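Participant: From first to last, the protein sequence lines are chains U and X.
Read in order, the letters of the first sequence correspond to residues 0 to 156 in numbering that gives the first Met the number 0.
Read in order, the letters of the second sequence correspond to residues 0 to 156 in numbering that gives the first Met the number 0.
There are 2 protein chains.
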Amino acid sequence: MMKLSTKGRYGTRVLLDLGLHWGEGPILLKDIARRQEISLPYLEHLIAPLIAGGMVKSIRGPRGGVSLLKRPEEIRLSEVIQLLEGPIAPVECVHNPEAYPRSPLCVTHDIWDEVRRAIDGVLESTTLQDLVDRQKQKWNLEHLPRHEKQGATWEDA
Amino acid sequence: MMKLSTKGRYGTRVLLDLGLHWGEGPILLKDIARRQEISLPYLEHLIAPLIAGGMVKSIRGPRGGVSLLKRPEEIRLSEVIQLLEGPIAPVECVHNPEAYPRSPLCVTHDIWDEVRRAIDGVLESTTLQDLVDRQKQKWNLEHLPRHEKQGATWEDA
DNA sequence: TCTATTGTTGACCAATTTGGTCGCCAACAG
DNA sequence: CTGTTGGCGACCAAATTGGTCAACAATAGA
Ligand code: FES
Ligand code: FES
């Protein structure tokens, strides 16, 4: 039920990667693809909505690449998921109130909206900087230099 | 993102229907199908996991039908969704901890688990009886006799 | 200006999931 | 035995997912 697709999962990892390299100028898609183990052609599609959403900037040509347009602490996970997976809602009608005139009569509607608010609460209160901080902390606990662990941000076993 | 499928949505309506007819003996699938506007063949598939999960009892033959095995106040929405849609988790690894040895190193894992707990919190604290009560209250506000409105529990416009 | 580099786009594809229908079988009341 | 009712598996179409590929656009630097 209600699984996140690879868009959301990979995309979050891509942004975490960009957050970890914040301030280093344009990052090559090729490098992100290698570190996050995402195929380059697929990554190009993943990054598109993030660029369209004004979250990421891209530069073509030599010395090009992509970088965050906003500071990591200004990027909330709710925006990220919104861009990558669309509206955060367990059912259509919750996100699209006016299109469903029956909502006021529908009991389950109220519950699904509560679920939506619960999800949104978590994602809204988490920023990309939070993820970056947690990642660095985990690396420190491992007593390993950061650059040796940069590939270890996967969610797939 | 993370939409509920018709299994979860229709199935919840089916249980709400059974909750509203609690104590009336076996309810015909045919009647549920008509009231909830679900095709009978599809309904038979929807009800299967609920029977397998011990939530609903079925009786075949004349004067048969289905009915709740537990009282509506003992049926939590979390169980319902669990039976109909599988584990409540935005990513596999959250539900399947031991199969994903990388979890402790993975930052996003923590976030997805927070999301899972948020969802579960809502569904765990809502029982079928809550839905029944809300439905009756909505009907009362409409000042209409109950039996005229029994079809109006849809979530689809 | 030429070229190598890097991102952009859209067409295309296979696999999976979703949302069903249909036909036959099993159980049971009368 | 017969009619009624649910159980179950095969089957199906459509949508979604998860990609690949080739052609193109932009740009930096020689
Ligand atoms: S291991 Fe589960 S999200 Fe990373
Ligand atoms: S109208 Fe949205 S769930 Fe019923």
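Backbone N, C-alpha and C define an ideal beta-carbon position, used for all residues, glycine too.
Because the structure is a prediction, the values reported are computed rather than measured.
Mark Ile37(U) as exposed unless 16 or more other C-beta atoms lie within 10 angstroms of its C-beta, in which case mark it buried.
Facilitator: Burial call: buried.
Participant: When you check each C-beta in the region 102–118 of chain U against every C-beta of chain X, which residues fall closer than 9 Å?
Facilitator: For the region 102–118 of chain U, which is checked against every Cβ of chain X, the residues closer than 9 Å are Ser102, Pro103, Leu104, Cys105, Val106, Thr107, His108, Asp109, Ile110, Trp111, Glu113, Val114, Arg116, Ala117 and Ile118.
Participant: Spell out whether any CB of chain U is found under 7 Å from the CB atom of Met54(X).
Facilitator: It does not: the Cβ of Met54(X) has no partner Cβ on chain U nearer than 7 Å.
Participant: Are Val114(U) and Pro89(U) close, meaning C-beta to C-beta below 7 Å?
Facilitator: Going by C-beta atoms, Val114(U) is nearer than 7 Å to Pro89(U).
Participant: Residues in its own chain within less than 6 Å of Leu130(U) by CB, not counting five upstream and five downstream?
Facilitator: So the qualifying residues of the chain are Leu15.
Participant: Rounded to whole angstroms, what's the CA-CA distance from Gln128(U) to Pro48(U)? Just pull it up for me.
Facilitator: Roughly 20 Å between the two C-alpha positions.
Participant: Which of the three DSSP states is assigned to Val90(U) in this structure?
Facilitator: In this structure, Val90(U) counts as coil in the three-state DSSP scheme.
Participant: Enumerate in chain order the residues of its own chain whose CB-to-CB distance from Gly53(U) is below 7 Å, with the five nearest sequence positions on each side excluded.
Facilitator: Contacts found: Leu68.
Participant: Helix or strand or just coil, what does DSSP make of Asn95(U)?
Facilitator: Three-state result, Asn95(U): coil.
Participant: With a 10 Å radius around its C-beta and 16 neighbouring C-beta atoms as the bar for buried, classify Lys29(X) as buried or exposed.
Facilitator: Burial call: exposed.
Participant: Measuring from the CB of Val90(X), is there a heavy atom of ligand 1 at a distance below 6 Å?
Facilitator: Correct: Val90(X) has its Cβ closer than 6 Å to ligand 1.
Participant: Verify the CB distance criterion: does Arg133(U) have a CB-CB separation below 7 Å to chain X?
Facilitator: Closer than 7 Å: yes.
Participant: Any C-beta of chain U within less than 8 Å: which residues of the region 7–27 of chain X qualify?
Facilitator: Answer in chain order: Gly7, Arg8, Thr11, Arg12 and Leu15.
Participant: In chain U, which residues lie with their C-beta within 7 Å of the C-beta of Thr5(X)?
Facilitator: Result: empty, since nearest Cβ-Cβ is about 10 Å, beyond 7 Å.
Participant: Could you tell me which uninterrupted alpha helix (DSSP H) segments, each at least 4 residues in length, are contained entirely in the region 37–78 of chain X, listed from first to last along the chain?
Facilitator: You should have 39–51.
Participant: Short check: CB of Ala117(X) to CB of Val65(U), under 7 Å?
Facilitator: Taking 7 Å as the Cβ cut-off, Ala117(X) and Val65(U) do not qualify as a contacting pair.
Participant: Give me, in chain order, the residues of the same chain whose beta-carbon lies closer than 7 Å to that of Leu83(X); leave out the 5 immediate sequence neighbours on both sides.
Facilitator: Correct list, in chain order: Lys6, Gly7, Gly10 and Pro48.
Participant: For the alpha helix (DSSP H) holding Thr5(X), just list the boundary residues, first then last.
Facilitator: From DSSP, the alpha helix (DSSP H) with Thr5(X) extends over Thr5 to Leu19.
Participant: Suppose you measure from the CA of Ser123(X) to the CA of Thr125(U); what does that come to, to the nearest Å?
Facilitator: Here the sequence assigns Glu to residue 123(X), which means Ser is not the residue at that position. Distance between the alpha carbons of Glu123(X) and Thr125(U): 24 Å.
Participant: Using beta carbons (cut-off 7 Å, strictly below), is Val121(U) in contact with chain X?
Facilitator: It does; some Cβ of chain X falls within 7 Å.
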